[in-house]
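K.L.:
Dropping the structure in here first, questions after.
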Amino acid sequence: MSRVLRIAILECEKPLPKAQAARGSFGDIFHNFFAQGLQGLGPEAAAADVRLDVSKWDTMAGDYPQIEDVDVFALTGSYGTAFYNDPWIVTLVDFVKHTLESTDTKVFGICFGHQVIGRALGADVNRNPHGWEISVENLVLNEQGQELLGVPSLNLHQMHRDAVLGVPPGITNLGSSIKCSVQILYQPGRLLSFQGHPEFDELINEEIIRADNENGHAFDDETFRDALERVSRPHDGPLMASRVMEFFLGSGKWKDVV
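The numbering of the sequence shown is the numbering used here, which starts it at 279 and goes up by one.
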């Protein structure tokens, strides 16, 4: 009998037009990322009999599932600000806090989702004093990060000006970059979050870089040109898709042991 893994994707934003036309909603992008990760584990892996049951929920509209119907909550990125007190953001933070404190449901987040998780755990989340981190960037993994992820460092798409500025009590940070010291939050069997975007590809990130530069003049010319030069570089998103799926399943080195 196959195992059903119930993943609720908490959508916190809609993609820009080009990305949405090519890749669908952020929920679709996450779903494809998870499916890619499951496939990457190979037919001989324990995950061969796993079936994904994925649902998508619009948190900006206050749309949430029942916690007991879900094995994993996955928080997407957003153009919103995780430390602001917009009602939908406060509701999301409270929801994550309740889930982590009162249930055994796993929580996964990327970028804005990573920051919401940090805030829910009591970490300082604010503007990154080192400024924007954009395009494909390298981050170095510590000893535990290398053990779990199987590589010494990662190249991941990045698109953030805000950051988690400290590691919450009882949580481990698995890696750091030059501009952002808290890149991957981890608690065995409970949570995993990335500041970077392992689910992004060149098309998605380039559109955001260009839009941010044109609409808000966010970057100086040199930064903008450099970002466009790096956005097509190889990245480790596909590898992370499989590592994330291992975490969801509690398999391999991600055993649910504290």
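Glycine included, C-beta positions come from ideal geometry on N, C-alpha and C. What you are looking at is a predicted structure, and each value in this text was computed from that prediction instead of being measured.
#1: Taking all protein chains shown into account, do 16 or more other C-beta atoms lie within 10 angstroms of the C-beta of P521, making it buried, or fewer, making it exposed?
#2: Please give me, in chain order, every unbroken run of the alpha helix (DSSP H) with length at least 4 that falls completely inside the segment 409-442.
#3: Which whole-angstrom value is the C-beta distance of Q473 and L452, which I expect to be below 8 Å?
#4: Just the Cα atoms here: how many angstroms apart are V535 and D499?
#5: Taking the alpha helix (DSSP H) that F390 belongs to, which residues open and close that run?
#6: Which residues in the same chain as D341 place their Cβ atom closer than 8 Å to its Cβ, once the five residues preceding and following it in sequence are excluded?
#7: Which same chain residues, not among the five before or five after V332, have their C-beta less than 6 Å away from its C-beta?
#8: Where do the N-terminal and C-terminal ends of the beta strand (DSSP E) with R329 fall, by residue?
#9: On the three-state DSSP scale, how would you describe L469?
#10: Using the DSSP secondary-structure output, state which residues sit across from G305 in a beta bridge.
#11: Would you list the one or two residues that DSSP bridges to Y464?
#12: Buried or exposed: A339, going by 16 or more other Cβ atoms within 10 Å of its Cβ?
#13: I need the DSSP call for V535, collapsed to helix, strand or coil.
#14: Helix, strand or coil for H513? Go by DSSP, reduced to three states.
#15: Under DSSP, the beta strand (DSSP E) around A505 begins and ends at which residues?
#16: Would Y342 count as contacting chain C if we go by Cβ distances under 8 Å?
#17: If you draw a straight line from the alpha carbon of L542 to that of F502, how long is it in whole angstroms?
#18: Looking at the structure shown, is L283 part of a helix, part of a strand, or coil, going by DSSP?
#19: Short check: CB of A297 to CB of E485, under 8 Å?
#20: For N491, name the three-state secondary structure that DSSP assigns.
#21: Between which two residues does the beta strand (DSSP E) harbouring F478 extend?
#22: Taking Cβ to Cβ, would you say D490 is nearer than 8 Å to A496?
#23: Determine the burial state of A360: buried for a count of at least 16 other Cβ atoms within 10 Å of its Cβ, exposed for fewer.
#24: What is the residue span of the beta strand (DSSP E) that V403 lies within?
#25: Quick one: residues in its chain with C-beta nearer than 7 Å to the C-beta of S510, no 5 flanking neighbours on either side, listed in chain order?
#26: Beta-carbon within less than 7 Å of F525's beta-carbon, same chain only, minus the 5 sequence neighbours each way: which residues are those?
P.N.:
On the basis of the coordinates in this document:
#1: Taking the sequence shown and counting its residues from 1, one reaches residue 521 at position 243. This sequence places Arg at residue 521; Pro is not what is there. Buried, since its Cβ has 16 or more Cβ neighbours within 10 Å.
#2: Qualifying alpha helix (DSSP H) stretches, in chain order: 421-427.
#3: The residue you call residue 473 lines up with position 195 of the sequence shown. The residue you call residue 452 lines up with position 174 of the sequence shown. Incorrect: roughly 11 Å between the Cβ atoms, too far for contact.
#4: As a position in the sequence shown, residue 535 is number 257, starting the count at 1. As a position in the sequence shown, residue 499 is number 221, starting the count at 1. For V535, the predicted structure reports a pLDDT of 49, less than 50, and the residue's modelled location is therefore unreliable. A value from the coordinates is still provided. Straight-line Cα distance between these residues: approximately 48 Å.
#5: Start at 1 with the first residue of the sequence shown, and residue 390 comes out as number 112. Where F390 is concerned, the enclosing alpha helix (DSSP H) stretches over F390 to A398.
#6: As a first step, residue 341 is located in the sequence shown; it is residue number 63 there, counting from the start. The residues are W335.
#7: Translated into the one-based positions of the sequence shown, residue 332 becomes position 54. Counting only residues of its own chain and dropping the five nearest sequence neighbours on each side, V332 has a CB closer than 6 Å to the CB of I285 and H309.
#8: Stepping through the sequence shown from its first residue, residue 329 is reached at position 51. Looking at the DSSP string, the run of the beta strand (DSSP E) that includes R329 is V328 to D336.
#9: Numbered from 1 along the sequence shown, position 191 holds the residue referred to as residue 469. Strand at L469.
#10: Taking the sequence shown and counting its residues from 1, the one referred to as residue 305 is at position 27. In the DSSP output, where bridge partners are listed per residue, G305 has none listed.
#11: As a working note, residue 464 is residue 186 in the sequence shown. Per DSSP, T450 and L470.
#12: Here residue 339 refers to the residue found at position 61 of the sequence shown. So A339 ends up on the exposed side.
#13: Translated into positions along the sequence shown, residue 535 becomes position 257. Per-residue confidence for V535 stands at a pLDDT of 49, beneath the threshold of 50, marking its modelled position as unreliable; no derived number is given.
#14: Walking along the sequence shown from the start, residue 513 turns up at place 235. Coil.
#15: Residue numbering aside, residue 505 sits at position 227 when the sequence shown is read from its first letter. Where A505 is concerned, there is no enclosing beta strand (DSSP E), although the alpha helix (DSSP H) it sits in stretches over D499 to R508.
#16: Absence of chain C from the displayed structure is noted, only one protein chain being present.
#17: Since the displayed the chain opens at 279 and closes at 536, residue 542 lies outside it and no answer follows.
#18: Position 5 of the sequence shown, counted from the first residue, corresponds to residue 283. In this structure, L283 counts as strand in the three-state DSSP scheme.
#19: Numbered from 1 along the sequence shown, position 19 holds the residue referred to as residue 297. Numbered from 1 along the sequence shown, position 207 holds the residue referred to as residue 485. In contact: A297 and E485 (Cβ atoms closer than 8 Å).
#20: To locate residue 491, count along the sequence shown from 1; it is residue 213. Three-state result, N491: helix.
#21: Walking along the sequence shown from the start, residue 478 turns up at place 200. Taken as a continuous stretch (DSSP letters only), F478 belongs to no beta strand (DSSP E), as it is neither H nor E.
#22: Working through the sequence shown from its first residue, we reach residue 490 at position 212. Working through the sequence shown from its first residue, we reach residue 496 at position 218. With contacts defined by Cβ atoms closer than 8 Å, D490 and A496 form a contacting pair.
#23: One-based indexing of the sequence shown puts residue 360 at position 82. In this structure A360 is buried. Its beta-carbon is surrounded by 16 or more other beta-carbon atoms within 10 angstroms.
#24: Along the sequence shown, read from residue 1 onward, the residue named residue 403 stands at position 125. Element bounds for V403: V403 to R405.
#25: Counting from 1 along the sequence shown, the entry for residue 510 is found at position 232. Cβ within range, chain order: E480.
#26: For the purposes of this step, residue 525 is identified with residue 247 of the sequence shown, where counting begins at 1. Setting aside the 5 residues that flank it on each side, F525 is surrounded in the same chain by L470 and W532, each with a C-beta closer than 7 Å to its C-beta; the list follows chain order.
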